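Peer 1:
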Amino acid sequence: MKLLIIGASGVLGSRLYDDTIKKKWDAMGTFFSHERKGFFCVDMADKSGVHKIFDSFRPDTVALCGGITDVDLCEERPRLAEEVNIKGTANIAEKAREYEARLVLVSTDYIFNGDSGPYSEEDKPSPINVYGRTKLEAENIAREKMKEYLIVRTAQLYGRDYRGKNFALKIIKNMQTNKEVYAADDFYSTPTYAESLSQSVIELIEKDCQGIFNVAGTDFLDRYSYVNKIADIFRLKKTLVNKVLLKDLDLKAARPPKAGLNVSKAEKILDASFMTVEKGLNLFKSELDNASYEM
Ligand SMILES: NC(=O)c1ccc[n+]([C@@H]2O[C@H](COP(=O)([O-])OP(=O)(O)OC[C@H]3O[C@@H](n4cnc5c(N)ncnc54)[C@H](OP(=O)(O)O)[C@@H]3O)[C@@H](O)[C@H]2O)c1
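This is the structure:
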């Protein structure tokens, strides 16, 4: 397998890179602003940069894990979000088609309005923020431009992050330094351990699956309960966790209140384990305890 990973400095992309290298795949990663040794700097919004990486590496599979994932930044800078998440996806899909490479697009539960999650693959998307809209348009591009596409929708990722940007890591770091944290009990999703998502993506590629697959954790829970689980497993002081409502957080972008994904379709096909939050967070803790680097 000759796999190009766009966004290999991110939470999922870095894990996918390490996991596929372990399997002796010929993998190549890209970063944008957080340099990683041995990876190429690619701005997916820049057509010529995208052409260069395809023409030099000539992948047979492309995992698109990159883009602007900061939901509030997308709301503040919609043009930038469109340039990267929509135009960038089009740039990559065009080159993937030229090379007859399979495109694996990673998408999100934020394409839904959050009235009635967790959502199945057949539910009708209706995004309520710029991020969700750009991701849905990226999905449409993959469907329209590619003969073969795999869209993997996921939700609320947690896991190792070299850049320290991940929500769970920020919560852990803040609580370890005795800072109070705020978590909404009217905001639901299905938190997903990046390691288990990476294994599922690999299996979907190996099994040559096509179409849309939800891959997420098996627990549908609100942020307040999630942060309390983090506190339990990382042995942090629960008195630092404040229960709030989504509206109290005064976020720039609206959040889908009951999002999350139903994973029964992927569970039937894949051997990879779909985890409860408790299991995933325990594995994440062991990973952090054994890490040889600061996160
Ligand atoms: N995080 C979540 O909770 C979540 C939930 C549902 C779905 N998803 C989806 O899952 C995928 C992976 O998410 P993640 O959390 O692993 O992402 P992430 O950690 O935020 O990483 C994003 C990656 O995209 C790269 N990137 C940013 N701007 C770019 C540009 N202009 N051109 C090329 N690459 C660019 C980043 O590079 P630098 O860091 O080097 O700038 C980084 O490697 C994304 O498609 C996201 O939409 C994420």
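According to the working numbering, the sequence shown is numbered sequentially starting from 506. From the three backbone atoms N, C-alpha and C, an ideal C-beta is built for every residue, glycine too. These numbers were taken from a predicted model, which means no experiment stands behind them.
#1: Would you mind sorting D794 into buried or exposed? The rule is 16 or more other CB atoms within 10 Å of its CB.
#2: So T566 and M506 are in contact, right, with Cβ under 8 Å, and what is the actual spacing, rounded?
#3: Among the candidates D713, P564, D531, G543, whose CA atom is the shortest distance from the CA of E603?
#4: Is there contact between the stretch 585 to 602 and the stretch 624 to 643, where contact requires at least three CB pairs shorter than 8 Å?
#5: With a threshold of 8 Å, are at least 3 pairs of Cβ atoms found where one atom belongs to the stretch 772 to 780 and the other to the stretch 719 to 730?
#6: Looking at the unbroken beta strand (DSSP E) that takes in S553, where does it start and where does it end?
#7: Which of the three DSSP states is assigned to A660 in this structure?
#8: Locate the alpha helix (DSSP H) running through T594, then write down its first and last residues.
#9: Could you tell me which residues DSSP pairs with F818 in its beta bridges?
#10: Can you give me the C-alpha to C-alpha distance between E810 and K552, rounded to a whole angstrom?
#11: Find the nearest neighbour of P623 within the set C570, G785, A764, K790, judged by alpha-carbon distance.
#12: Using beta-carbon positions only, say whether D691 and A660 come within less than 8 Å of one another.
#13: So what does DSSP say about K748, is it helix, strand or coil?
#14: Please indicate yes or no: does the CB of C570 lie closer than 7 Å to some heavy atom of ligand 1?
#15: Determine contact between the stretch 656 to 674 and the stretch 515 to 527, defined as no fewer than three beta-carbon pairs at a distance below 8 Å.
#16: Determine the burial state of S701: buried for a count of at least 16 other Cβ atoms within 10 Å of its Cβ, exposed for fewer.
#17: If you drop the 5 nearest sequence neighbours on each side, which residues of the same chain put their C-beta closer than 8 Å to that of D531?
#18: I'd like to check one pair, L608 with A598: are the Cβ atoms closer than 8 Å?
#19: List the residues that DSSP assigns as beta-bridge partners of F718.
#20: Would you tell me roughly how many angstroms separate the C-alpha atoms of D727 and T697, rounded to the nearest one?
#21: Can you give, in chain order, each stretch of the alpha helix (DSSP H) that sits fully within the stretch 662 to 714 and has at least 4 residues?
#22: Going along the chain, which residues of its own chain have a beta-carbon closer than 8 Å to the beta-carbon of A796, five neighbours each way excluded?
#23: Within a Cβ cutoff of 7 Å, which residues of the same chain sit near E605, ignoring the five residues on either side of it in sequence?
#24: In this structure, how does DSSP classify A568 when only helix, strand and coil are distinguished?
#25: Give me the residue from A771, L788, A758 with the minimum Cα distance to T574.
#26: Going by C-alpha distance, which of N618, V657, P630, C546 is nearest Q704?
#27: Among D753, I710, F725, T744, which residue has its Cα nearest to the Cα of I774?
#28: What number of angstroms, rounded off, separates the C-alpha of I707 from the C-alpha of D713?
#29: Near G572, what residues of its chain come up, given a Cβ to Cβ distance below 6 Å and the 5 sequence neighbours on each side ignored?
Peer 2: So, from the listed chains and residues:
#1: As a first step, residue 794 must be located in the sequence shown, where it is residue number 289. By the 10 Å Cβ count, D794 comes out exposed.
#2: Stepping through the sequence shown from its first residue, residue 566 is reached at position 61. Stepping through the sequence shown from its first residue, residue 506 is reached at position 1. Yes, T566 and M506 are in contact; Cβ-Cβ is about 6 Å, under 8 Å.
#3: Residue numbering aside, residue 603 sits at position 98 when the sequence shown is read from its first letter. For E603, the nearest C-alpha among the options comes from P564.
#4: yes
#5: A contact exists between the stretch 772 to 780 and the stretch 719 to 730.
#6: To locate residue 553, count along the sequence shown from 1; it is residue 48. From DSSP, S553 is part of no beta strand (DSSP E) but of the alpha helix (DSSP H) over 552 to 562.
#7: On the sequence shown, position 155 is the one that residue 660 refers to. Coil.
#8: As a position in the sequence shown, residue 594 is number 89, starting the count at 1. Run containing T594: 593 to 603, per the alpha helix (DSSP H) assignment.
#9: A query on residue 818 cannot be resolved here, the shown segment of the chain reaching from 506 to 800 and no further.
#10: Outside the shown range of the chain (506 to 800) lies residue 810, about which nothing can therefore be said.
#11: Counting from one through the sequence shown, the residue named residue 623 turns up at place 118. Taking only the C-alpha atoms, the option nearest P623 is A764.
#12: For the purposes of this step, residue 691 is identified with residue 186 of the sequence shown, where counting begins at 1. For the purposes of this step, residue 660 is identified with residue 155 of the sequence shown, where counting begins at 1. It is not a contact, given that the beta carbons lie outside the stated cut-off.
#13: The sequence position of residue 748 within the sequence shown is 243, counting from 1. The answer is strand: DSSP assigns K748 an E or B state.
#14: Within the sequence shown, the letter at position 65 stands for residue 570. Yes - ligand 1 has a heavy atom lying nearer than 7 Å to the Cβ of C570.
#15: Contact check between the stretch 656 to 674 and the stretch 515 to 527: three or more CB pairs, one atom from each, fall below 8 Å, which counts as touching.
#16: Counting from 1 along the sequence shown, the entry for residue 701 is found at position 196. When all chains shown are included, S701 counts as buried.
#17: Here the question's residue 531 lines up with position 26 in the sequence shown. Closer than 8 Å at the Cβ level, and outside the excluded window around D531, lie M506, K507, L508.
#18: In the sequence shown, counting from the first residue as 1, residue 598 sits at position 93. In the sequence shown, counting from the first residue as 1, residue 608 sits at position 103. Result yes, Cβ atoms of A598 and L608 sit closer than 8 Å.
#19: Working through the sequence shown from its first residue, we reach residue 718 at position 213. DSSP lists V657 as partners of F718.
#20: Along the sequence shown, read from residue 1 onward, the residue named residue 727 stands at position 222. Along the sequence shown, read from residue 1 onward, the residue named residue 697 stands at position 192. Using only the alpha carbons, I get a separation of about 13 Å.
#21: 672 to 681, 699 to 711
#22: Position 291 of the sequence shown holds residue 796. Hits under 8 Å: R665.
#23: Looking up residue 605 in the sequence shown gives position 100. Answer for E605: no residue qualifies.
#24: Indexing the sequence shown from 1 puts residue 568 at position 63. In this structure, A568 counts as strand in the three-state DSSP scheme.
#25: As a working note, residue 574 is residue 69 in the sequence shown. Ranking the options by Cα distance to T574, first place goes to A758.
#26: As a position in the sequence shown, residue 704 is number 199, starting the count at 1. Taking only the C-alpha atoms, the option nearest Q704 is V657.
#27: For this step, residue 774 is matched to residue 269 along the sequence shown. Taking only the C-alpha atoms, the option nearest I774 is I710.
#28: For the purposes of this step, residue 707 is taken as the residue at position 202 of the sequence shown. For the purposes of this step, residue 713 is taken as the residue at position 208 of the sequence shown. Answer to the nearest angstrom: the Cα atoms are 10 Å apart.
#29: As a first step, residue 572 is located in the sequence shown; it is residue number 67 there, counting from the start. The answer, listed in chain order, is V589, N590.
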